[in-house]
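Visitor: My questions will all concern the structure given below.
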Amino acid sequence: MPAPAELRYALQWGAHTGQARLEWQHDAAHYRLTLHADVRGAPLWQQSSSGGFVVAGLAPERFVDSRRGRGALAANFQRASGRITFSGPRVEYPAWPGAQDRLSWIVQLAAIANAAGQVPPQVALFVVDGRGVGDVWSFVNQGAVVVDTPHGPVLATHVMRQPQRPMDWRVDAWLDAQRGHWPVRLRMTVPRAGMVFELQLSTEATSP
């Protein structure tokens, strides 16, 4: 697992620009991961994932997605019953080993790359959001590319997840091995809808 860290990113969400802060904390038994996104100094949304660890890596227990002007949505990984349930829709999925939420997949992917010593050619993760949508995200290694950052050029590994349906997310992440395979850039788009969510590293990772 990556060491506890706090990373700050420049944010683009549609027409909005702002800042985002990713906080990762863990001990031998539990973890908490939080993403705060602000626009013009005001909170836009917050996502949080908390849980523990198993042989397959992160084992989320609860994911919460809170957005300005909307109520919070949650996914609950009920390990005792082996199901993933949601606060809103009456949808359930099996809690497969290695299943992740819409935030924890970032750390799980970094942990897999750290354990392998490099980003594997392909990594498949079952990922759920807070609205009851779950799908396999298959990340394919696109090779090394140079990414410009405020701290200079970074040689990062580009991985891409292709959308499976017309209104599905395409996910591109550029992972830096020198930073524990945290993304120096993350871009999620729904091309048909013109939706864009992008993070670009703005400050070096610090201990929380």
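Residue numbers (my numbering): 8 to 215. Note that the Cβ used here is the ideal one computed from N, Cα and C, for glycine as well.
(1) Restricting to Cα atoms, I'd like to know which of R109, V46, N148 and G124 is closest to V130.
(2) Taking Cβ to Cβ, would you say S56 is nearer than 8 Å to L110?
(3) Quick check: W176 and H165, are their CB atoms within less than 8 Å of each other?
(4) Go ahead and pull the three-state DSSP assignment for W181.
(5) When we look at the beta-carbon of P67 and count the other beta-carbons within 10 Å, is it buried (16 or more) or exposed?
(6) In angstroms with no decimal places, state the Cα-to-Cα distance between A44 and Q26.
(7) So, are the CB atoms of M202 and V178 less than 8 Å apart?
(8) Would you list the residues sitting across from V98 in a DSSP beta bridge?
(9) Does the beta-carbon of G58 have 16 or more other beta-carbons within 10 angstroms, so that it is buried, or is it exposed?
(10) Could you check what DSSP says for P28 in three-state terms: helix, strand or coil?
(11) Between which two residues does the beta strand (DSSP E) harbouring W112 extend?
(12) Alpha carbons only, please: which of A151, F60, G64 and T24 is nearest the one belonging to G48?
(13) Which residue wins for smallest C-alpha separation from L132, given the options G64, T41 and G21?
(14) Nearest to W112 by alpha carbon, out of R168, Y100 and S94?
(15) Among A82, A117 and L116, which residue has its Cα nearest to the Cα of Y100?
(16) Between the Cα of L80 and the Cα atoms of S88, R90, S94 and A200, which residue gives the shortest distance?
(17) Compare the Cα-Cα distances from P9 to each of L29, Y16 and G159 and report the closest residue.
(18) Locate the beta strand (DSSP E) running through D45, then write down its first and last residues.
(19) Are the region 152 to 162 and the region 84 to 93 touching, with three or more C-beta to C-beta distances below 8 Å?
(20) Would you report the Cα separation of H188 and A118, rounded to the nearest angstrom?
(21) Under three-state DSSP, which class holds R90?
Guide: Taking the structure as given:
(1) Indexing the sequence shown from 1 puts residue 130 at position 123. Checking every option, the nearest Cα to that of V130 belongs to N148.
(2) Here residue 56 refers to the residue found at position 49 of the sequence shown. Here residue 110 refers to the residue found at position 103 of the sequence shown. In this structure, L110 lies closer than 8 Å to S56 by Cβ.
(3) Stepping through the sequence shown from its first residue, residue 176 is reached at position 169. Stepping through the sequence shown from its first residue, residue 165 is reached at position 158. No, the Cβ-Cβ distance between W176 and H165 is not below 8 Å.
(4) Taking the sequence shown and counting its residues from 1, the one referred to as residue 181 is at position 174. Reduced to three states, the DSSP call for W181 is strand.
(5) Within the sequence shown, numbered from 1, the residue matching residue 67 stands at position 60. Buried, by the Cβ-count rule.
(6) Walking along the sequence shown from the start, residue 44 turns up at place 37. Walking along the sequence shown from the start, residue 26 turns up at place 19. If I take the Cα positions, the gap works out to 6 Å.
(7) Translated into positions along the sequence shown, residue 202 becomes position 195. Translated into positions along the sequence shown, residue 178 becomes position 171. Not closer than 8 Å, so no.
(8) What you label residue 98 is simply residue 91 of the sequence shown in a count that begins at 1. Looking at the DSSP assignment, V98 forms no beta bridge with any residue, so it has no partner.
(9) One-based indexing of the sequence shown puts residue 58 at position 51. Taking all protein chains in view, the Cβ of G58 is crowded by 16 or more other Cβ atoms within 10 Å, so the residue is classified as buried.
(10) Mapped onto the sequence shown, residue 28 falls at position 21. Looking at the sequence itself, residue 28 is Arg, so the reference to Pro does not match. Here R28 sits in strand by DSSP.
(11) Taking the sequence shown and counting its residues from 1, the one referred to as residue 112 is at position 105. No beta strand (DSSP E) contains W112, which is instead part of the alpha helix (DSSP H) from W112 to A123.
(12) As a working note, residue 48 is residue 41 in the sequence shown. That would be T24, whose Cα lies nearest to the Cα of G48.
(13) As a working note, residue 132 is residue 125 in the sequence shown. Looking at the Cα atoms, G64 is the closest of the given residues.
(14) Within the sequence shown, numbered from 1, the residue matching residue 112 stands at position 105. When each option's Cα is compared against that of W112, the closest is R168.
(15) In the sequence shown, counting from the first residue as 1, residue 100 sits at position 93. That would be A82, whose Cα lies nearest to the Cα of Y100.
(16) Here residue 80 is taken as the residue at index 73 of the sequence shown, counted from 1. It is S94 whose Cα lies nearest to the Cα of L80.
(17) Here residue 9 refers to the residue found at position 2 of the sequence shown. Selected option, being the one with the closest Cα: L29.
(18) On the sequence shown, position 38 is the one that residue 45 refers to. From DSSP, the beta strand (DSSP E) with D45 extends over H37 to V46.
(19) no
(20) Here the question's residue 188 lines up with position 181 in the sequence shown. Here the question's residue 118 lines up with position 111 in the sequence shown. If you take the alpha carbons of H188 and A118, they lie about 8 Å apart.
(21) Position 83 of the sequence shown, counted from the start, is the residue given in the question as residue 90. Look at R90 here: in three-state DSSP terms it is strand.
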